[in-house]
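Number of protein chains: 2
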Amino acid sequence: MARERNYVSEAVMRRMPKYYRYLTDMEKAGIERVSSKELSQRMGLTASQIRQDFNCFGGFGQQGYGYNVSELRHEIHKILGLHKKHSIIIIGAGNIGQALANYTGFEKDGFLVKCLFDINPRLIGMSIRGKPIYDIDELEDYLKENQVHIAAICTPKEKAQEVAERLIKNGIKGIWNFAAVDIVVPNNNDVIVENVHLSDSLYTISFQMSGE
Amino acid sequence: MARERNYVSEAVMRRMPKYYRYLTDMEKAGIERVSSKELSQRMGLTASQIRQDFNCFGGFGQQGYGYNVSELRHEIHKILGLHKKHSIIIIGAGNIGQALANYTGFEKDGFLVKCLFDINPRLIGMSIRGKPIYDIDELEDYLKENQVHIAAICTPKEKAQEVAERLIKNGIKGIWNFAAVDIVVPNNNDVIVENVHLSDSLYTISFQMSGE
């Protein structure tokens with residue numbers, strides 16, 4: 001059943017993975033039903049915020065009965081596209097690239113790391129948790145021969161934009177950027193870029209600590 | 213000179229590290245002055261947004277002359293608290309914990325990783341880039357004897373809240389949480405928690421790709 005998806009704001013989009021996380025933990029804990037009030041208390045949102053968020057997707061559950069946790073989790077699982085398999089490649093087999101390749105937490109939700117690419121001859125030919133590290137020169141050939149949904153950019157920041165352009169030119173539609181620079185994509189492009197700026201996140205801590 | 217800091221919204225706070233990043237790159241590129249219009253175009257913001265953001269801190273620069281890049285960077289450096297040294301400990305010496313310990317990018321801004329803690333006997337006693345891995349049982353003693361500003365939680369999610377409570381009880385004021393769970397701190401507490409949910413970030417990519 002395809003749901004009608006209304007306009008979804010950035011803020012609502014960012015809350016969807018959080019709902020999924022809380023519902024997954026609640027399902028594991030054996031909780032069968034939850035009211036928007038209970039869910040709001042757990043998540044630190046208001047009940048009306050939760051109802052508004054869900055209305056973006058046509059709404060879930062019945063007034064007064066609360067939500068069935070497993071069904072709601074299942075709906076959000078689909079909304080997040082997690083019923084599909086996503087293959088991932090990692091560009092840059094340094095600290096962060098290796099940590100992502102080693103991490104198994106995304107696999108249960110269908111995100112499969114296929115391989116890594118690097119320029120360092122000492123790394124090329126090695127593998128991490130069975131994922132080979134290829135020469136970055138083989139990137140274009142690899143993308144022609146393999147379906148890849150998402151590329152994680154874990155290169156030094158000076159290389160990130162150039163790598164992104166090579167990826168986009170070869171059909172990549174999802175970029176997960178860990179380099180300390182904002183990736184710029186053409187406006188008329190349908191490429192999704194998600195920037196993870198770890199230092200920005202760290203600096204907001206020192207900002208708040210220094211404001212005390 | 214202490215600046216008057218007005219109320220700073222979450223959104224403004226999150227943009228400050230981004231300003232710092234762009235200004236650092238511009239200073240490196242030898243750019244001396246920038247107008248709010250030029251800065252806005254580089255950063256994908258509006259010029260009036262930038263002026264409003266800076267007004268939260270009393271404003272910088274003179275109307276019509278633009279901003280002196282080095283001076284502006286210096287002011288934001290101070291606002292972010294980067295003129296102070298911050299010592300960091302890492303709880304959990306797994307993939308992410310090791311990647312953070314190996315990463316040198318934060319050090320230039322005064323964030324110094326001192327050591328890691330883990331429960332795994334095979335890791336305890338080893339070191340990563342010269343940073344020792346201690347037994348988690350030594351955490352309280354370490355915190356009594358050493359000044360630590362920020363703790364990065366890189367444990368499995370089941371352990372994260374308990375670890376956070378031990379940290380807070382022993383005086384930690386800044387928590388950088390990488391576990392896939394939201395850390396809950398008492399409302400009346402002055403502890404800063406910054407959650408980095410890597411899977412949330414990945415799932416927003418698949419969300420946007422599945423909505424096409």
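Chains as they are written, first to last, in this note's numbering: chain B, 1 to 212; chain X, 213 to 424. The beta carbon of each residue, even a glycine, is placed where N, CA and C say it ideally should be.
| Check | Outcome |
| --- | --- |
| Which of the three DSSP states, helix, strand or coil, is assigned to P17 (chain B)? | helix |
| Based on DSSP bridge pairs, tell me the residues matched to S127 (chain B). | B:P132 |
| Which chain B residues sit within Cβ distance under 8 Å of M338 (chain X)? | Here the premise fails: no neighbours, minimum Cβ distance about 16 Å. |
| Of all the options B:Q208, B:T155 and B:V193, which has the alpha carbon lying nearest to the alpha carbon of T416 (chain X)? | B:V193 |
| In chain order, what residues of the stretch 215-246 of chain X put their CB closer than 8 Å to some CB of chain B? | R217, V220, M225, R226, M228, P229, K230, Y232, R233 and D237 |
| May I have the straight-line CA-CA distance separating F106 (chain B) from K369 (chain X), to the nearest angstrom? | 14 Å |
| Are Y232 (chain X) and L328 (chain X) close, meaning C-beta to C-beta below 9 Å? | no |
| Please name the residue, chosen from X:R226, X:I380 and X:L235, that lies closest to D402 (chain X) on a Cα-to-Cα basis. | X:I380 |
| Taking 9 Å as the CB-CB limit, is H74 (chain B) close to chain X? | no |
| Give the C-beta separation of L100 (chain B) and A152 (chain B) to the nearest angstrom, bearing in mind that I take them to be a contact with Cβ-Cβ under 8 Å. | 6 Å |
| Do we get a CB-CB distance below 9 Å when we pair V196 (chain B) with the residues of chain X? | yes |
| What does the Cβ neighbour count give for E424 (chain X), buried or exposed, with the cut at 16 atoms within 10 Å? | With a pLDDT of only 46 at E424 (chain X), under the threshold of 50, the placement of this residue in the model should not be trusted; the figure read from the coordinates follows. Result: exposed. |
| Thinking F323 (chain X) and I345 (chain X) are a contact (beta carbons under 8 Å), I'd like their distance in whole angstroms, please. | Actually they are not in contact, since the Cβ atoms of F323 (chain X) and I345 (chain X) sit about 19 Å apart, beyond 8 Å. |
| Confirm, please, whether the CB-CB distance from G92 (chain B) to S159 (chain B) is below 9 Å. | As written in the sequence, residue 159 (chain B) is Lys, which differs from the Ser given in the question. Cβ atoms of K159 (chain B) and G92 (chain B): closer than 9 Å. |
| Below 7 Å CB to CB, which residues in the same chain sit around I331 (chain X) once its five sequence neighbours on both sides are set aside? | I348 |
| Going straight from the alpha carbon of V163 (chain B) to that of E374 (chain X), what length do you get? | 40 Å |
| Quick check: S36 (chain B) and Y67 (chain B), are their CB atoms within less than 9 Å of each other? | yes |
| Using a 10 Å radius around the Cβ and a threshold of 16 neighbouring Cβ atoms, would you call V148 (chain B) buried or exposed? | buried |
| If you follow the beta strand (DSSP E) that I417 (chain X) is in, where does it begin and where does it stop? | Where I417 (chain X) is concerned, there is no enclosing beta strand (DSSP E), although the alpha helix (DSSP H) it sits in stretches over L410 to S422. |
| For V408 (chain X), tell me which candidate among X:D394, X:G256, X:C268 and X:H298 has the shortest Cα-Cα distance. | X:D394 |
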